[in-house]
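Student: Take this structure first; my questions come after.
Number of protein chains: 2
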Amino acid sequence: MAAKRARVLLQGGAVITVISPSLEPELEKFWEQKKVNWKKKFFEPDDLEGAFMAVVATNDPSVILSVPHPTSGLPLVNSAGEASRGNVQFPAFLTRGKLTLAVSTSGASPMLTSQIKEELENRFESDYEGYVDFLYECRQLIKNSLLTKQEKRQFLHELLDESFMNEEKQQQTILWLKKLAAGG
Amino acid sequence: MAAKRARVLLQGGAVITVISPSLEPELEKFWEQKKVNWKKKFFEPDDLEGAFMAVVATNDPSVILSVPHPTSGLPLVNSAGEASRGNVQFPAFLTRGKLTLAVSTSGASPMLTSQIKEELENRFESDYEGYVDFLYECRQLIKNSLLTKQEKRQFLHELLDESFMNEEKQQQTILWLKKLAAGG
Chain D
1 MAAKRARVLL QGGAVITVIS PSLEPELEKF WEQKKVNWKK KFFEPDDLEG
51 AFMAVVATND PSVILSVPHP TSGLPLVNSA GEASRGNVQF PAFLTRGKLT
101 LAVSTSGASP MLTSQIKEEL ENRFESDYEG YVDFLYECRQ LIKNSLLTKQ
151 EKRQFLHELL DESFMNEEKQ QQTILWLKKL AAGG
Chain H
1 MAAKRARVLL QGGAVITVIS PSLEPELEKF WEQKKVNWKK KFFEPDDLEG
51 AFMAVVATND PSVILSVPHP TSGLPLVNSA GEASRGNVQF PAFLTRGKLT
101 LAVSTSGASP MLTSQIKEEL ENRFESDYEG YVDFLYECRQ LIKNSLLTKQ
151 EKRQFLHELL DESFMNEEKQ QQTILWLKKL AAGG
């Protein structure tokens, strides 16, 4: 759970310090890559001084209870195990390359959050990663083409047709657009 | 568009200054309610001094072009009309009370983003607002009950059944849980 949070926060550009006597493998890798700092010790409330946000990701009740209760000031507190103990909740994320879907129930029902996330995982399968990359490339080519504004819109719209999920069709389209851009 | 961005950023706790000779009605309301500051003037690059993020929400090309190109430093730039001109993209949000779904294609395809958002709007209709509030209330009652941990999990899981979207069934369940809490 701690590594999962760290991954999301690193994407957002956070400066992270992990306070723990030991690190699980993924966090250790982050530390070796200098992506996170590590205070190799048991947690004490003073460790939060100057922090913007505290993420509580442990099963140890004594640690959970020693984290100050969220106030209106800093640090913001996210409680990984029990959302309602904190004042910041993380959404569940689903990523398919450039496509990101996020689900949050503001702590009302972690089970519903998981269920919706699963539903979206089945709806937006892994082929969306390539499809959205394809849309991105087409968009650049179309934007730089000499088509009229209306034609550009029309083309971009047509690419939303399900048939373009097909990889072969994607490659043909890119080739065609490159010719169009070169020839136009 | 400017008001839409302001609404999302205010939810996130941002301190907002609008730079514009005039305000549209929704922004004017925010200003009257002291939710945003307002510099009543045309935009100049110096207005960005000290800003963390600049949101470009205008159709005026001369303003769009006078906003400094995003660099690796501050301010971050969000371009409401043309995502690829900025280095921050806002997701499309769908809210149903405590339920929030966010969709982003990182600027690859604003049209796909809109299409997915519409699909989710149809899938998660407005009755989800009451349903998630219901789940929240049940969760508090169940947590404070004397049920065993396993029974709690079991109950919370059962509430995900579609039949609980029915308002009458929701009211009956709350009554029943209140009796259980009082009696337990």
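Protein chains in written order, with full-length UniProt numbering: chain D, 1 to 184; chain H, 1 to 184.
By construction, the Cβ of each residue, glycine as well, lies at the ideal position given by its N, Cα and C atoms.
Just so it is clear, the structure is predicted and the values come from calculations on it, not from any experiment.
1) Can you tell me the Cβ-Cβ gap for Gln172 of chain H and Phe134 of chain H, rounded? I've got them flagged as a contact below 8 Å.
2) Over what stretch of residues does the alpha helix (DSSP H) that includes Ala3 of chain H continue unbroken?
3) According to DSSP, simplified to helix, strand and coil, what is Asn122 of chain D?
4) Suppose you measure from the CA of Lys152 of chain D to the CA of Glu118 of chain H; what does that come to, to the nearest Å?
5) Since Leu141 of chain H meets chain D, which of its residues come closer than 7 Å, beta carbon to beta carbon?
6) Does the distance between the C-beta of Lys178 of chain D and the nearest non-hydrogen atom of the ligand COA fall short of 7 Å?
7) In whole angstroms, what separates the C-alpha of Gln154 of chain D from that of Gln140 of chain D?
8) Less than 7 Å between C-beta atoms, sequence neighbours within five positions excluded: which residues of the same chain meet that for Leu9 of chain D?
9) What are the start and end residues of the alpha helix (DSSP H) that includes Lys152 of chain H?
10) Quick check on Ala102 of chain H: does DSSP put it in helix, strand or coil?
11) Tell me which same chain residues have a C-beta within less than 6 Å of the C-beta of Leu112 of chain H, skipping the five on either side of it?
12) Check the Cβ of Gln115 of chain H against every Cβ in chain D and list those closer than 9 Å, keeping chain order.
13) Taking the alpha-carbon of His157 of chain H as reference, which of D:Ser114, D:Leu27, D:Gly13 has the nearest alpha-carbon?
14) Which word fits Lys143 of chain D, buried or exposed, when buried means at least 16 other C-beta atoms lie within 10 angstroms of its C-beta?
15) Taking 8 Å as the threshold (beta carbon to beta carbon), is Thr100 of chain H in contact with chain D?
16) Looking at chain H, is there any beta carbon in it that lies within less than 8 Å of the beta carbon of residue 189 of chain D?
Tutor: Taking the geometry as given:
1) That pair is no contact at about 11 Å.
2) Ala3 of chain H -> alpha helix (DSSP H) spans 2 to 11.
3) In the structure shown, Asn122 of chain D falls within a helical segment according to DSSP collapsed to helix, strand and coil.
4) Computed Cα separation, rounded: 22 Å.
5) Listed along the chain, the chain D residues whose CB falls inside 7 Å of the CB of Leu141 of chain H amount to none; the nearest CB is some 13 Å away.
6) By its list of ligands, the structure shown contains no ligand whatsoever, and the ligand COA lies outside what it can speak to.
7) So the alpha carbons of these two residues sit roughly 15 Å apart.
8) Excluding sequence positions up to five before and after Leu9 of chain D, its CB lies within less than 7 Å of the CB of Ile16, all in the same chain and listed in chain order.
9) Annotation: the continuous alpha helix (DSSP H) that includes Lys152 of chain H extends over 149 to 158.
10) Here Ala102 of chain H sits in strand by DSSP.
11) Cβ within range, chain order: Thr105.
12) Within chain D, the residues near Gln115 of chain H are Leu160.
13) Out of D:Ser114, D:Leu27, D:Gly13, D:Ser114 has the C-alpha closest to the C-alpha of His157 of chain H.
14) It is exposed - the Cβ of Lys143 of chain D has fewer than 16 other Cβ atoms within 10 Å.
15) Taking 8 Å as the threshold, the shortest C-beta distance from Thr100 of chain H to chain D falls below it.
16) Absent from the model: residue 189 of chain D. The displayed extent of chain D is 1 to 184, so no value can be given.
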